[in-house]
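Visitor:
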Amino acid sequence: MPDIYFQVHVPIRNPTRPEQCGLHVFTGAADTWSAALRIARETCDRATAAREAGLPAPGRRPDGWSARGLRPGWVFDWTGATVDAWRPDGRLRLSRRRLS
1 MPDIYFQVHV PIRNPTRPEQ CGLHVFTGAA DTWSAALRIA RETCDRATAA
51 REAGLPAPGR RPDGWSARGL RPGWVFDWTG ATVDAWRPDG RLRLSRRRLS
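Residue numbers are given in our numbering: position 40 of the sequence shown equals residue 40, and the series is strictly consecutive.
Given below as structure tokens:
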């Protein structure tokens, strides 16, 4: 398992009420920045598909990634996502803005 823990911050908005917006945060281990972004999106897509099928959200993956608290109907702006990396001791390692 990688020893870098990532936080992926994804801007979200309510398409029917544009003044409602915020961030959804995904966390887990990954080998690279781009892998963290990819895994966060895959995790979100799986949880969204489960919800739309009337199923419970998938559980936490072995690498720690999960998706909880998704707002039905809200839109994710993956092009505006940012990623932070954390060391095992809990200190911020690096931040990257606007990964795509």
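Beta carbons: idealized from backbone N, C-alpha and C, even for Gly.
Which residue marks the beginning of the beta strand (DSSP E) containing Asp84, and which one marks its end?
Guide: Counting along the chain, the beta strand (DSSP E) containing Asp84 begins and ends at Thr82 to Trp86.
Visitor: Can you give me the C-alpha to C-alpha distance between Ile4 and Gly80, rounded to a whole angstrom?
Guide: Going by the C-alpha atoms only, they are around 22 Å apart.
Visitor: When the Cα of Gly54 is compared with those of Pro72, Asp63 and Gly64, which residue comes out closest?
Guide: With distances taken between Cα atoms, Gly54 lies closest to Pro72.
Visitor: Using three-state DSSP, classify Asp89 as helix, strand or coil.
Guide: The answer is coil: DSSP assigns Asp89 none of H, G, I, E or B.
Visitor: On the DSSP bridge assignment, give the partners of Gln7 in chain order.
Guide: Looking at the DSSP assignment, Gln7 forms a beta bridge with Thr27 and Asp84.
Visitor: With 16 other CB atoms within 10 Å as the buried threshold, where does Ala49 fall?
Guide: Ala49 comes out exposed.
Visitor: In this structure, how does DSSP classify Arg13 when only helix, strand and coil are distinguished?
Guide: Reduced to three states, the DSSP call for Arg13 is strand.
Visitor: What does DSSP give as the partner residue(s) for Cys21 in the beta ladder?
Guide: Per DSSP, Arg13.
Visitor: Pick out whichever of Glu42, Trp86, Ala29 and Pro11 has its Cα sitting closest to the Cα of Pro62.
Guide: Comparing Cα positions, the closest option is Ala29.
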